[in-house]
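J.:
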Amino acid sequence: MQTALVWHELYMWHSTGNHAGLFAPGLQIQPGLHFENPESKRRLKNLLDISGITEQLLPIKPRPATDEQLLRVHGADYLQYLQGLSDRQGGDAGDNTPFGSGSFEIARLAAGGVIDAVKQVLRGNVRNAYALVRPPGHHAEADRGRGFCLLANAALAAHEALAVHGLERIAVVDWDVHHGNGTQSIFWDDPRVLTLSLHQDGNYPQDSGKVEEQGAGAGLGFNLNIPLPPGSGEGAYLHAFDEIVLPALAAHRPQLILVPCGFDAGAHDPLGRMLLHSEAYRKLTTRLMLAAERLCDGRLVLCHEGGYEANSVPYFGLAVIETLSGLQSGIADPHLSAMRALPGQELAEHQRQWIAQLKASLHSPLLEQPERYS
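Its first residue numbered 1, the sequence shown is counted upward by one per residue in full-length UniProt numbering.
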């Protein structure tokens, strides 16, 4: 079966306004580009096109998420607030989430694209899928936007899989450099959805993502945060996967794996201080594909999140989509050799100890008694 690709030109029309990085311009701040602008995403799609990969993927034409689908996660007042601003000149969805006229409709289309990707995978029409959507979603909470995210794309798709497709267990593996706070809050007390977030310790949001945040009630132990120290490279990420992520997945036995796929842990990203490169993302994808094959018939959906270095992100995305599809473009990543040569790519002893302490602090039945879930 093929790999599917979700794409729509309107994703590139979502506006974050005339900012200088994160700041609105003024008399002391020269106008510029917001970090979350279309360039890295458009260049990824263009690279897929010229490589010949796009034409070998199954295209999914997304449909906007419906009110019924959105209300499974988001409050009616919040949705009305977004619609009102979108109908005028835009505004801010909450915490550092500016958007322009029409962006709420585009956000509906992004959420709907991830939902449609999940539907195609669960129906067995495709093996896996990549949703190249915008705006991103993993920071959005039920009643406010955060960190450039208006709607909780992955969480909305997970709720659709639970409510409509009858799934009982889902895993969300978030490797964006920033904590997946929105997904965490939405499934905080829900053991059906195992949420794992690998992120840079203390980055964004600074008030979330600690190892102590492990869920509540029936969901206690089903929210696992893996905050890695700044400067972590391929070795630390793969070790954290092998020590924590893969055992937890094996114990939970998900029927679907969702990945909020941020590329801002890349070595050149302006909003992260990690060292990943395209081959590291290829290896992470391979590990998840093997886990999905063992646990849930290969059902794997990735949805695009962060990644703000427009020159390197397209090659990270190409590596991931080549791995998902088994296709080879023949295009070499021009950044790879320099990124691999950066000091810190190998697993350092302090990182090994850090990850061991994280694992010891995760009081989850999935890790403490994995045989109960195997």
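Ideal placement from N, C-alpha and C gives every residue a C-beta, glycine not left out.
In terms of alpha-carbon separation, which member of P59, A236 and V245 lies closest to F222?
T.: Stepping through the sequence shown from its first residue, residue 222 is reached at position 222. That would be V245, whose Cα lies nearest to the Cα of F222.
J.: Quick one: Cα of M289 to Cα of V259, how far?
T.: Here residue 289 refers to the residue found at position 289 when the sequence shown is read from its first residue. Here residue 259 refers to the residue found at position 259 when the sequence shown is read from its first residue. The straight-line gap from Cα to Cα measures roughly 11 Å.
J.: By Cβ distance, which residues of its chain are closer than 6 Å to D92, with the 5 residues on each side in sequence left out?
T.: Position 92 of the sequence shown, counting from 1, holds the residue named residue 92. Contacts found: P98.
J.: Nearest to G272 by CA position, among Q28, G231, P247 and R282, is which residue?
T.: In the sequence shown, the residue the question calls residue 272 occupies position 272. The shortest C-alpha separation from G272 is found at G231.
J.: By the 10 Å Cβ neighbour count, where 16 or more other Cβ atoms means buried, how is K41 classified, buried or exposed?
T.: Residue numbering aside, residue 41 sits at position 41 when the sequence shown is read from its first letter. When all chains shown are included, K41 counts as buried.
J.: What did DSSP end up calling Y237 once you bin it into helix, strand or coil?
T.: Position 237 of the sequence shown, counted from the first residue, corresponds to residue 237. Y237: helix per DSSP, three-state reduction.
J.: I need the straight-line Cα distance from V121 to G215, nearest angstrom please.
T.: Here residue 121 corresponds to residue number 121 of the sequence shown, with the count starting at 1. Here residue 215 corresponds to residue number 215 of the sequence shown, with the count starting at 1. Roughly 28 Å separates the two Cα atoms.
J.: From the DSSP secondary-structure annotation, give me the bridge partner or partners of K261.
T.: In the sequence shown, the residue the question calls residue 261 occupies position 261. Here residue 261 turns out to be Cys, not Lys, going by the sequence shown. Beta-bridge pairing links C261 to H304.
J.: DSSP has F99 in a bridge; who is on the other side?
T.: The residue given as residue 99 occupies position 99 in the sequence shown. DSSP output for F99 lists G91 as bridge partner(s).
J.: When you compare only the Cα positions, how much space is there between I170 and P247?
T.: If you number the sequence shown from 1, residue 170 lands on position 170. If you number the sequence shown from 1, residue 247 lands on position 247. C-alpha separation (whole angstroms): 15 Å.
J.: What do you get for M339, buried or exposed, if any count of 16 or more other CB atoms within 10 angstroms of its CB means buried?
T.: Translated into positions along the sequence shown, residue 339 becomes position 339. M339 is buried by the Cβ-count criterion.
J.: Thinking C-alpha only, which one of Y204, S185 and W188 is nearest F148?
T.: Numbered from 1 along the sequence shown, position 148 holds the residue referred to as residue 148. Cα-wise, what sits closest to F148 is Y204.
J.: By how many angstroms is the C-alpha of C296 removed from the C-alpha of A117?
T.: Within the sequence shown, residue 117 is the residue found at index 117, counting from 1. Within the sequence shown, residue 296 is the residue found at index 296, counting from 1. Spanning the two alpha carbons is a distance of roughly 16 Å.
J.: If you reduce the DSSP assignment to three classes, tell me which class L288 lands in.
T.: Position 288 of the sequence shown, counting from 1, holds the residue named residue 288. Here L288 sits in helix by DSSP.
J.: Count the other CB atoms within 10 Å of the CB of R108; is the residue buried (16 or more) or exposed (fewer)?
T.: In the sequence shown, counting from the first residue as 1, residue 108 sits at position 108. Looking at its Cβ environment, which holds 16 or more other Cβ atoms inside 10 Å, R108 is buried.
J.: What did DSSP end up calling Q184 once you bin it into helix, strand or coil?
T.: For this step, residue 184 is matched to residue 184 along the sequence shown. Correct three-state label for Q184: helix.
J.: For the structure I just gave you, are there three or more beta carbon pairs, one from the segment 74-82 and one from the segment 191-202, closer than 8 Å?
T.: Not touching, per the Cβ criterion.
J.: Take S137 as the anchor and find which of H335, K359, G298 and T183 has the nearest alpha-carbon.
T.: The residue you call residue 137 lines up with position 137 of the sequence shown. Contrary to the premise, residue 137 reads as Gly rather than Ser in this sequence. Comparing Cα positions, the closest option is T183.
J.: In the DSSP assignment, find the alpha helix (DSSP H) that holds Q353 and state where it starts and stops.
T.: Your numbering for residue 353 matches position 353 in the sequence shown. Per DSSP, Q353 belongs to the alpha helix (DSSP H) from E349 to S361.
J.: State whether the segment 322-337 contacts the segment 59-67, with contact taken as three or more CB pairs (one from each stretch) at a distance under 8 Å.
T.: Segments in contact, no.
J.: Can you confirm whether the segment 339-352 touches the segment 272-285 when touching is taken to mean that 3 or more C-beta pairs between the two stretches lie within less than 8 Å?
T.: The answer is yes - the segment 339-352 touches the segment 272-285, with three or more Cβ pairs under 8 Å.
J.: Residues in its own chain within less than 7 Å of D176 by CB, not counting five upstream and five downstream?
T.: Position 176 of the sequence shown holds residue 176. Once the five neighbours on either side are set aside, the close Cβ partners of D176 are H138, H199, P260, G262, D264, E305 and G306.
J.: Look up V133 in the DSSP assignment and give the residues it is bridged to.
T.: By 1-based counting over the sequence shown, the position of residue 133 is 133. BP columns for V133 are empty, so no partner.
J.: Quick one: does the C-beta of V73 sit closer than 6 Å to a heavy atom of the ligand NAD?
T.: As far as ligands go, the structure on display features none, and thus does not contain the ligand NAD.
J.: Quick check: the Cα distance between S329 and V320, rounded to an integer number of angstroms?
T.: Sequence index remark: in the sequence shown, residue 329 carries index 329 (1-based). Sequence index remark: in the sequence shown, residue 320 carries index 320 (1-based). C-alpha separation (whole angstroms): 12 Å.
J.: With a CB to CB cut of under 8 Å and the five nearest residues on each side skipped, what residues in its chain are close to H239?
T.: Here the question's residue 239 lines up with position 239 in the sequence shown. Counting only Cβ-Cβ distances below 8 Å, and skipping sequence neighbours, we find L347, Q351, R352 and I355.
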